[in-house]
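Trainee: Residue numbers (the numbering used here), protein chains in the order written: chain D, 645 to 1637; chain B, 241 to 681. Cβ atoms here follow ideal geometry from the backbone N, Cα and C, with glycine treated the same way.
Pasting the structure below:
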C-alpha cells in the first residue's frame, strides 16, 4: 500500500485509506537547521525507509513555503511501519530563509536583521509549538557535529508558552469526540522524546573515499570512536539541558524528555554526495569517461540512485536502527523518561491515524493558523487569548529588539534632559540645533540596537517640540545683524523697513509645517529687541546717547536722530533737507519693486551702473549746454579708470539732446519692471522714443517715464517730479527707480554755526563734539586753488574738484599741490583771462564705533593722530581725493577691534565767493551692491564760512534688505564712500539758479 | 622593569664576556657555531646556564621569555582571585600610570631598539580561562606603530585555530602539534570538546597580531561550566548557565570587534542564522570606545569583518553560489556598521577567474577555503586552485587591507595592548551585557 506525501493541515480523503486511518500510529517529527545545499531537507536519513524517497524527491527541487508562516510541514504516513513522519521546513533551513529574505527585504533595510530574524524565529517557534504537541518523537537535525545551544533558549521559551497555552488548547481538544481525558488535560499524546541528529562528523570519522584510505590503519576502531563522540555529545546535551531545566525529573512537567538509558544522539558518518552536487556530478562523469567499463559492475539501479542512496545498511552504525529502537519502545512500553523515585509513568497514548489527523488539524489551527475567520471554534475572547499568547511568545524571542527598546527608552529621557539642561528661556535655531546635536551624541553613546533610529527621530521630535513650545526665539535679525531675543512674536517690523529679514522669511518658507504658520497668528504682537545697545551721537555730533538695536530703517536712520536731536537741539539748527516722499492721499503705499527678484538683482549690476552714469551726467550738467565743456574736461584728464562704455557714453553725449535723455530715461526705467528690454533700448544707437511698453504692474511709473520722455528737454523738473502716492521702500541709491522717494531722509546735513566754531589750534572740544578720541579731534586743512574762468558766457564751468572719477580727483589734487604744474599749464594755455586764488577748507571724515567712540581719519587707511605737541601734520588731500573706507577698525581696543563706521563728514567752509558742495555716494558693500545717494539732484551747496556736518545713514538698505555692517574688520575697500564728495562752485551760479 | 634591567645587564655582560671568551680560550666557540644543535640544547639552556645562553642573542632571550610568561601569568592571576569591586576599580585607576611607565621605560631603557623582537614559537594567553586579562603577551610587543590585529570568531569546531595557525605561517602539511595555535586533537574530537580557551595571542614576524578565541556559543564550553559549577560565571551574575554562556561569548566577540583591524568570522556551513544574529548582537553590545574625549564627536570603531567559509565544497565555488552568499550577507548586514566591503574576498576577480564582480555581484569580504588535504584525484573537478594557493592569496589580502585606526590616536603595539586591556575591562564591566542577559528567555 502506497501512501503519498501530504502537507499539513491535511484531511485524509478516506476511500482507499479506511484501514489505514484505523491504524495506531507513532508520530516522528524532524526539524532543525540545515545548510543551503540540502535545500531544506533534513529527513534524508529516513527517506529510504519505505523503500523509496518521499521527502527529497528531486535534485532540482526548489520548495516554497507558506509566505505568512514561513513554514511548511510535510507529512508521510508509512502504514507498514505504522509511523507518521512529519518534516518541518522553515527559516532554520537556510534554503527557506534565503527565500524569505525577498519577502522581508524592506524590513531588512529598515529594521535590520536583528528584528527580522526575531520575527522569523517567532514564526518557526509557532510551528515547533505545534510539533511538540502532536509528536511522540522529535528529531533535531544539526548540520554540524556540535550541539547548538541556541536551542536551549528556544526550548525555554517554548516551555513557557506551552504552560500558558494549556488552557486554551485543551478547551479546543475537548471539541473532539472520543479523545481520552488525559490527552485533553496534558494537551499532548505523551511527553515527547527528543533525539539529536548530527549530519556531519569530524573528518577522521568520515566514511567514503577518505575512509578507504584509512581503513588499512585499522577500521576496527572506527565504530567505537564514533560511539565515543556520540556518548560525549549525549553527556553534554544532558548536562546542559538539565542545568537549564529544560528537562526535569518528571517528564510530564517539561517540554520534552530524553531517554535515560537509550542512545539519543546519532552522528552521521556518511557523506551525502548531493551536498556537493556539482563536484559529484562532474566527477562521476569524469570517472565514467575515464573508465566506462569500471562502472559496469555498478548496477544500473545504483547509478540512477546515486543521489538517492537509500540507507539500508545493516552494519552497526545506522540511523534506521537508531530510530527504530525508539519507535519499538513506543509501541511496546511507551516512554517513561522520569528520573528518580517518581514511579507513576507519564501519560502515553498511541492514537489512531484518524484521531491524530483530527487533533493535528485542531492544533494546526490553534498554533499556526493566522486566518482567524476560518476557525469557527474560537470565539472572540479566545481569539484575544491566542493573540496574547502569540505576542508574548514573540516578545520572549525578541531579545535584541527588547534590549534595544529598554536601552533606548532608558537613554531617551537622559538625552532629553541633556537637551534641556541650562537652556535659556528663549534661544535661536542655531542654539537649538547645537543642543540637539549634543543630545543626540549623548544618546548615541548609550543607546543601542535596531530601534536606535526610531528613538533618534523621537528625540529629535521631542526636542523640536520643546523648542517650538514657547522657547523659540524670534530671531529676526536687526539691521546690525543681531537676532531679536524676544520669544517668537508677530509684528515689530515696519513693512518698509526691510527689517523682517530674509532669514525669517526663508525660515517660514523652508518650514512647510502648517501648524507653525497657524500658530503665528496667535503669537503676541511685540516689537523686536535684540537686547543690544549702542552709543551714537546725534546728527550734529554734539550729544551722544544710547540707542536700541534698530530693526527698522526708520529707527536706524531717522527716528533715533530725531529723538536725540530734540535733546541736543540740533533739530532746530539750519539744515538742508533731503527729498522725501510727500503723500498726497491717505492710502499711499510702498511701491512694488522687482516682482522677479533674482533676475532683477542680477541685471542690475551692469545695467545699473550705466544708468547711474547717465543720471550723473544729467545732474552735473543741468543746463545742457555745458556738455561740451565736460567732454573737454574729461579728455584733458584722460581718465584711465573709465571703462570703455563710459567713453561711448561720452560720445553719445556729444550727440543731440535726446540721446542723452535716452540714457537718462533708461536709467530711470531700470528701476521699473522691464530691465531687459530697457537695457537693450538704451544700448541701441537710436532708441525708439515711444516704445516704452511697460508692463501693466506699475502705472505710476509709466506715467512718470512718459512724462519725462515727452517734455524732458524743456523742463527737467517734471522728470524729477516724485510720486505722491507711492514711496520708495528702502533707501535711495543710484539705481532706485526715478520718481520714488523714501518716506524719511536717511541723511542729515546741518550747519552747526559759523566757521569760527572750529579752531585748528584747539581742535574740537568735547563739549562741541562728544566722544571724540584724543588726538583725533581735529579737522584736516585742505587748500584748494580756485581758478575762475570768465570767458565762458554763462559758464558755470567750475571744474568740480575731485570729480566722481578717482583719477580726475587725483589729477586735481596734484594740481593743487604743486603750484608749478598749475602755473606751467597756465602758461601753456595762457590765452585765458584767469584769476586764481587759494581757499582753505577744513574737512573731517568721522567714524563712530558701536560703543560711541569717534575719530577722524587722515587718509583712507589712517586714523588722524596729532603729533606730540598737538599739531596736525596731515592735510585733507588724501581724504578728499580718495575713496574712504566705510568701515574702519576702531582704535579703542587692539584685540578684536570693533568696527567703526563712517558716520559724519565735517566741513568748515571758507569765506570766499564759492560754495563747497557735497555729493556723498556710498557703496556699503562690494558690487553688486548699489551706490547710495542722498537723492538731491545736484551736489549739496554749503553756505560760506560755516561749520557743516553731514551725517551719513546708520544702516544702508536696498530693496533686498540691509547691507549689514560687518562684525569683524574687513578689507578697507569692502564698503566705500566714493571719491568725489567735495566740490566747489561759484557763488553766482547757485544764486542765479 | 627589573626584567628589562636584567636584559640590559646581560647584554652588557655579553659583550664583555665575548671579549673575554676570545682571550680566555676557544672552549666556547664551538658552541657558538653549533647552531643546528640549538633546538636540542634548548632544554639545557633553560636550566639557566647563562653563559651558554649568551652565545647568541636569540638563545639568550629564550629562557627569559619563559620565565616572564610565567611571571606574567602569575601576576594576572593574583588579582583575579575574586577581588571586590572596589579593588578592581583601584586596579583600573592604577592602570594609566602603569601604561605611562611602560612606554617611557621602553623608550629610555631599550639599549638596542633595533634588536629583533623575540620570535614566538607558540601563542600566549591574552585572556585566560577564568576570563582574566594576562600580561604575558606584552613582552612580545614593540613600540612601533606598523602592526595589524587580526581576530577570529566562530562556533565550535569550525577550524579557527587551524586557520589562524595557517595564517601565521604554518604549512597545512605540518603535523598539527607544530601549529602556533593548537587545533583540536583526536581526543577533543572524541569528546566533542573544544581546545582553545579564552583568547590566545601570537605575533608574527611581520608584526601581525593574531587573536584566536574559544568557540562561541559552544556546548562544550557550557558543559564545562556546568560541570565545574563555577561560581564565577554561574548563577549569581547571569540568571543561568546558558545565559552566562551567551553573555560570555558576546563579551569575547565584543572585545574582538573593539580591538581588531580585521575580524574573521569562520563558519563551516552556509550558514547559521543564529551566529549572524549573535555577531550583530555583539556589535550592538560593544561598549563605545572608552578613550573618546568629551568634546570630540564620538566616532565608534567598527572593524573589517571577513566571512570565511571553511570546508567549502566545489559547489560553493560556483559563481551562482558565491553570488547568493554575497547577497545574503549583504542583506543581513544592511543595517550593521561592520565593514564588510573592504577589498578582501574571493570574488574580487583576482583569486579565481570565474569569480568576479561581474559574475557574483559587488565583491564583499567573503572567502572560501576548501577542506585541507583534499585528496586530489586525477582529472577531477575541484572548482578552485587548491587550498595552499587560496590560503596564500587570502593571507595577502588580509595583510593588505586598509587598517582603520582603532582609536583616534595612533597606537603602538604596546599601546594597543594596554588599550585592549582597558577595553576588556570595559566589556566586562559594561552594564549592557547584564541588561541583555535579563531579557533572554
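With H, G and I counted as helix, E and B as strand and the rest as coil, what does DSSP make of residue 1596 (chain D)?
Mentor: By one-based count along the first chain, residue 1596 (chain D) stands at place 952. If DSSP states are grouped into helix, strand and coil, residue 1596 (chain D) belongs with coil.
Trainee: To the nearest whole angstrom, what separates the beta carbons of residue 515 (chain B) and residue 395 (chain B), a pair I think is in contact under 8 Å?
Mentor: The count along the second chain starts at 1 and reaches residue 515 (chain B) at position 275. The count along the second chain starts at 1 and reaches residue 395 (chain B) at position 155. 6 Å between Cβ atoms; contact.
Trainee: How long is the line joining the alpha carbons of residue 236 (chain B) and residue 1107 (chain D), rounded to whole angstroms?
Mentor: This structure does not reach residue 236 (chain B), given that chain B is present from 241 up to 681, and the question cannot be answered.
Trainee: Give me the Cβ distance between residue 446 (chain B) and residue 651 (chain B), rounded to the nearest whole Å; I'm assuming they're in contact under 8 Å.
Mentor: Within the second chain, the letter at position 206 stands for residue 446 (chain B). Within the second chain, the letter at position 411 stands for residue 651 (chain B). Residue 446 (chain B) to residue 651 (chain B), Cβ: 17 Å. No contact.
Trainee: How long is the line joining the alpha carbons of residue 1210 (chain D) and residue 1187 (chain D), rounded to whole angstroms?
Mentor: Counted from its first residue, the first chain places residue 1210 (chain D) at position 566. Counted from its first residue, the first chain places residue 1187 (chain D) at position 543. The alpha-carbon atoms of residue 1210 (chain D) and residue 1187 (chain D) are separated by roughly 10 Å.
Trainee: Which term fits residue 1190 (chain D), buried or exposed, when burial requires 16 or more other beta carbons within 10 angstroms of its beta carbon?
Mentor: In the first chain, the residue the question calls residue 1190 (chain D) occupies position 546. Exposed is the call here.
Trainee: So, at 7 Å on beta carbons, what are the nonlocal neighbours of residue 679 (chain D) in its own chain, with the 5 sequence-adjacent residues on each side left out?
Mentor: By 1-based counting over the first chain, the position of residue 679 (chain D) is 35. Hits under 7 Å: 738, 787.
Trainee: Taking only the alpha-carbon atoms, compute the straight-line gap between residue 1626 (chain D) and residue 1617 (chain D) and give it to the nearest angstrom.
Mentor: For the purposes of this step, residue 1626 (chain D) is taken as the residue at position 982 of the first chain. For the purposes of this step, residue 1617 (chain D) is taken as the residue at position 973 of the first chain. Cα to Cα, residue 1626 (chain D) sits roughly 20 Å from residue 1617 (chain D).
Trainee: Reducing DSSP to helix, strand and coil, say where residue 550 (chain B) ends up.
Mentor: The sequence position of residue 550 (chain B) within the second chain is 310, counting from 1. DSSP places residue 550 (chain B) in strand when its eight states are reduced to three.
Trainee: Residues of chain D with a CB under 9 Å from the CB of residue 513 (chain B): which are they?
Mentor: Your numbering for residue 513 (chain B) matches position 273 in the second chain. The answer, in chain order, is 677, 735, 736, 738, 741, 757, 761, 764, 765.
Trainee: Comparing the C-beta of residue 607 (chain B) with each C-beta of chain D, is any distance below 9 Å?
Mentor: Translated into the one-based positions of the second chain, residue 607 (chain B) becomes position 367. No, its Cβ sits nowhere closer than 9 Å to a Cβ of chain D.
Trainee: Just verifying my parser: in three-state terms, what is the DSSP assignment at residue 1491 (chain D)?
Mentor: If you number the first chain from 1, residue 1491 (chain D) lands on position 847. Three-state result, residue 1491 (chain D): strand.
Trainee: For residue 564 (chain B), return the contacting residues in chain D, with the cut-off set at a CB-CB distance below 8 Å.
Mentor: Residue mapping note: residue 564 (chain B) aligns to position 324 of the second chain, counting from 1. Going along chain D in sequence order, the residues near residue 564 (chain B) (Cβ under 8 Å) are 680, 742.
Trainee: Quick check on the burial criterion: 16 or more other C-beta atoms within 10 angstroms. Buried or exposed for residue 1046 (chain D)?
Mentor: The residue labelled residue 1046 (chain D) in the question sits at position 402 within the first chain. Result: buried.
Trainee: Measure the Cβ-Cβ separation of residue 517 (chain B) and residue 757 (chain D) and say whether it is below 9 Å.
Mentor: Taking the first residue of the second chain as 1, we reach residue 517 (chain B) at position 277. Taking the first residue of the first chain as 1, we reach residue 757 (chain D) at position 113. Contact flag set, yes.
Trainee: Checking 9 Å against the spacing of the C-beta atoms, do residue 453 (chain B) and residue 407 (chain B) come in under that value?
Mentor: Taking the first residue of the second chain as position 1, residue 453 (chain B) is located at position 213. Taking the first residue of the second chain as position 1, residue 407 (chain B) is located at position 167. Contact flag unset, no.
Trainee: Excluding the 5 residues preceding and the 5 following residue 432 (chain B) in the sequence, name in chain order all residues of the same chain whose CB lies nearer than 7 Å to its CB.
Mentor: Numbered from its first residue, the second chain carries residue 432 (chain B) at position 192. Once the five neighbours on either side are set aside, the close Cβ partners of residue 432 (chain B) are 460.
Trainee: May I have a chain-ordered list of the beta strand (DSSP E) segments no shorter than 3 residues that lie completely inside the stretch 792-853 of chain D?
Mentor: With a minimum length of 3 residues, the continuous beta strand (DSSP E) runs that stay inside the stretch 792-853 of chain D are 837-842.
Trainee: Residues of chain D with CB closer than 8 Å to the CB of residue 460 (chain B), please, in chain order.
Mentor: Sequence index remark: in the second chain, residue 460 (chain B) carries index 220 (1-based). Those are 790, 880, listed as they occur along chain D.
Trainee: With a threshold of 9 Å between beta-carbons, can residue 450 (chain B) be considered close to chain D, or not?
Mentor: Your numbering for residue 450 (chain B) matches position 210 in the second chain. No, no contact with chain D.
Trainee: Anyone know if the C-beta pair for residue 910 (chain D) and residue 817 (chain D) falls short of 9 Å?
Mentor: Taking the first residue of the first chain as position 1, residue 910 (chain D) is located at position 266. Taking the first residue of the first chain as position 1, residue 817 (chain D) is located at position 173. Their beta carbons are not under 9 Å apart, which means residue 910 (chain D) does not touch residue 817 (chain D) by this criterion.
Trainee: What span of residues does the beta strand (DSSP E) with residue 649 (chain D) cover, start to end?
Mentor: Counting from one through the first chain, the residue named residue 649 (chain D) turns up at place 5. Its beta strand (DSSP E) spans residues 649-651.
Trainee: If you scan the stretch 1547-1611 of chain D from start to end, which runs of the beta strand (DSSP E) of 3 or more residues do you find wholly inside it?
Mentor: The stretch 1547-1611 of chain D contains these whole beta strand (DSSP E) runs: 1558-1562, 1584-1586, 1590-1595, 1600-1602, 1605-1607.
Trainee: Can you tell me whether residue 806 (chain D) is buried or exposed? The criterion is at least 16 other CB atoms within 10 Å of its CB, across all chains shown.
Mentor: Residue 806 (chain D) sits at position 162 when you count from the first residue of the first chain. By the neighbour-count rule (16 or more Cβ atoms within 10 Å), residue 806 (chain D) is buried.
Trainee: When DSSP labels each residue in this structure, what does residue 1533 (chain D) get in the three-state scheme?
Mentor: As a first step, residue 1533 (chain D) is located in the first chain; it is residue number 889 there, counting from the start. It is a strand residue.
Trainee: Expressed to the nearest angstrom, what Euclidean distance is found between the alpha-carbon atoms of residue 1390 (chain D) and residue 1071 (chain D)?
Mentor: The sequence position of residue 1390 (chain D) within the first chain is 746, counting from 1. The sequence position of residue 1071 (chain D) within the first chain is 427, counting from 1. Those two C-alpha atoms are separated by around 33 Å.
Trainee: Can you list, in chain order, the residues of its chain with a C-beta nearer than 6 Å to that of residue 653 (chain D)? Leave out the 5 residues immediately preceding and following it.
Mentor: Here residue 653 (chain D) is taken as the residue at index 9 of the first chain, counted from 1. Counting only Cβ-Cβ distances below 6 Å, and skipping sequence neighbours, we find 1005, 1008.
Trainee: Is residue 936 (chain D) helix, strand or coil when you go by DSSP?
Mentor: To locate residue 936 (chain D), count along the first chain from 1; it is residue 292. It is helical.
Trainee: Excluding five sequence neighbours on each side, which residues of the same chain lie with their C-beta closer than 6 Å to the C-beta of residue 1279 (chain D)?
Mentor: Your numbering for residue 1279 (chain D) matches position 635 in the first chain. A caution first: residue 1279 (chain D) carries a pLDDT of 37, below 50, which makes its placement in the model unreliable, though a value can still be read off. For residue 1279 (chain D), where only same-chain residues beyond five positions count, there are no Cβ hits under 6 Å.
Trainee: Mind listing, in chain order, the continuous beta strand (DSSP E) runs of no fewer than 3 residues lying wholly within the stretch 891-934 of chain D?
Mentor: Within the stretch 891-934 of chain D, the complete beta strand (DSSP E) runs of at least 3 residues are 909-911.
Trainee: Any contact between the stretch 666-685 of chain D and the stretch 787-799 of chain D? By contact I mean 3 or more CB pairs, one from each, below 8 Å.
Mentor: Yes, since at least three Cβ pairs between the stretch 666-685 of chain D and the stretch 787-799 of chain D fall closer than 8 Å, the two stretches touch.
Trainee: Here's the rule I'm using: 16 or more other beta-carbon atoms within 10 Å means buried, otherwise exposed. How should residue 902 (chain D) be labelled?
Mentor: Taking the first chain and counting its residues from 1, one reaches residue 902 (chain D) at position 258. Buried is the call here.
Trainee: So the candidates are D:1525, D:1397, D:1221; which of them puts its Cα closest to the Cα of residue 1387 (chain D)?
Mentor: Along the first chain, read from residue 1 onward, the residue named residue 1387 (chain D) stands at position 743. The option with the nearest alpha carbon to residue 1387 (chain D) is D:1221.
Trainee: Quick test of your reading: residue 1639 (chain D) and residue 731 (chain D), contact by CB under 8 Å. State the CB separation rounded to the nearest angstrom.
Mentor: Any question about residue 1639 (chain D) goes unanswered here, given that chain D covers just 645 to 1637.
Trainee: Of the residues that make up the stretch 790-812 of chain D, which ones have a beta carbon closer than 8 Å to any beta carbon in chain B?
Mentor: Those would be 790, 791, 792, 793, 794, 796, 797, 798, 800, 801, 804, in chain order.
Trainee: Beta carbon of residue 836 (chain D), beta carbon of residue 991 (chain D): below 9 Å?
Mentor: By one-based count along the first chain, residue 836 (chain D) stands at place 192. By one-based count along the first chain, residue 991 (chain D) stands at place 347. Against a cut-off of 9 Å, the Cβ pair of residue 991 (chain D) and residue 836 (chain D) comes out as no contact.
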